[in-house]
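Report on the following structure.
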Amino acid sequence: MSDTILVPGGRDVRATLDESDDGPSDAVVVACPPHPQHGGHRGDARLVAVSDALADHGIDCLRFDYGEWDDGYGERADTRNAVAWATDHYDRVGLFGFSFGGAMALLTAADGVDVEAVSALGPAARLASDLDVTDVFDQIHVPVQVVYGTRDDIADWRPVVDCATEYHQSTVEFAADHFFVGQTEKVATAVADFLVPNLTLDG
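For the sequence shown, position 128 (counting from the first letter as 1) is numbered 127 according to numbering that gives the first Met the number 0, and the numbering increases by one without interruption.
Rendered as structure tokens:
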């Protein structure tokens, strides 16, 4: 079951809340879409696949669209606001993002928001001089997973993987391009396998 949510915060941020079939959940993952100027939106196949994988474990997923384009700054605020909505409604919150959204998830985790874990799929390393994931990675104090494709020639994921390795965080490698063509379900399983234990009391 899915509901449409208007995320508070002063920008037009709309979201889809996918609720698991297991009944009310006390955990949710906020899912950040790819670059909105390149067609990224909350219906992205990778976000939907992760949501489906989480639902199999009784965890809800909030997939949101950013508000009007603001060079990454408003989008970071949108992500914080989506997390704030989630923490108001759930006991435990995780963060996930793909590509531009992966950078958003990591940057927002570095802001000190109340999340249990963050997973970034094919993340961009740098969106602007002061929106650089590698500059703030040491400020993320929750478990991190970085999933990447070795044939990805679109996102500059290598510096993020290097940071994850340096800080003894989880990395998962796929022989895939940036869009993980033909491997979406395997990728979603890898993300869920990381997030679920961090979001369940018996994990």
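Where is the CB? At the ideal position from N, CA and C, for every residue including glycine. This structure is a prediction, so every number in the text was calculated from the model and none was measured.
- Taking a cut-off of 8 Å on C-beta distances, the region 46–61 touches the region 24–31, as three or more cross pairs fall below it.
- Collapsing the DSSP output to three states places Val29 in a strand.
- For Tyr72, there is no enclosing beta strand (DSSP E); the residue is part of the alpha helix (DSSP H) that begins and ends at Tyr72 to His88.
- In this structure the region 160–168 does not lie against the region 180–191, because fewer than three pairs of beta carbons, one per stretch, are closer than 8 Å.
- Residue nearest to Pro7 within the set Phe97, Phe136, Tyr65 and Ile153 is Tyr65 (criterion: CA-CA distance).
- Val160 sits buried, since 16 or more C-beta atoms from the chains shown fall within 10 Å of its C-beta.
- Gly93 sits away from Leu200, with the two beta carbons spaced by 7 Å or more.
- Bridge pairing for Glu67: absent [DSSP].
- If the five residues before and after Asp155 are omitted, its C-beta is found closer than 8 Å to the C-beta atoms of Ala123, Ala124 and Arg125, all from its own chain and listed in chain order.
- For Asp161, the enclosing alpha helix (DSSP H) stretches over residues Arg157 to Glu165.
- Pro142 is positioned such that its CB atom lies closer than 7 Å to that of Ala116.
- Counting every other CB atom within 10 Å of its CB across the protein chains shown gives Leu5 a total below 16, marking it as exposed.
- No Cβ-Cβ contact shorter than 7 Å links Asp20 with Tyr89.
- Residue environment for Val145: buried (at least 16 other C-beta atoms within 10 angstroms of its C-beta).
- Judged by beta-carbon spacing, Ala52 lies within the 7 Å limit of Ala187, meaning their Cβ atoms are closer than that value.
- Membership of Gly38 in any beta strand (DSSP E) is not indicated, and neither H nor E is assigned to it by DSSP.
- Straight across, the Cα-Cα distance linking Val195 with Val132 is about 24 Å.
- The Cβ atoms of Gly121 and His40 do not sit closer than 7 Å to each other.
- Taking the CA atoms as reference points, Ser98 sits about 11 Å from Leu105.
- Partner residues in the beta bridge of Gly93, as assigned by DSSP, are Val28 and Ala116.
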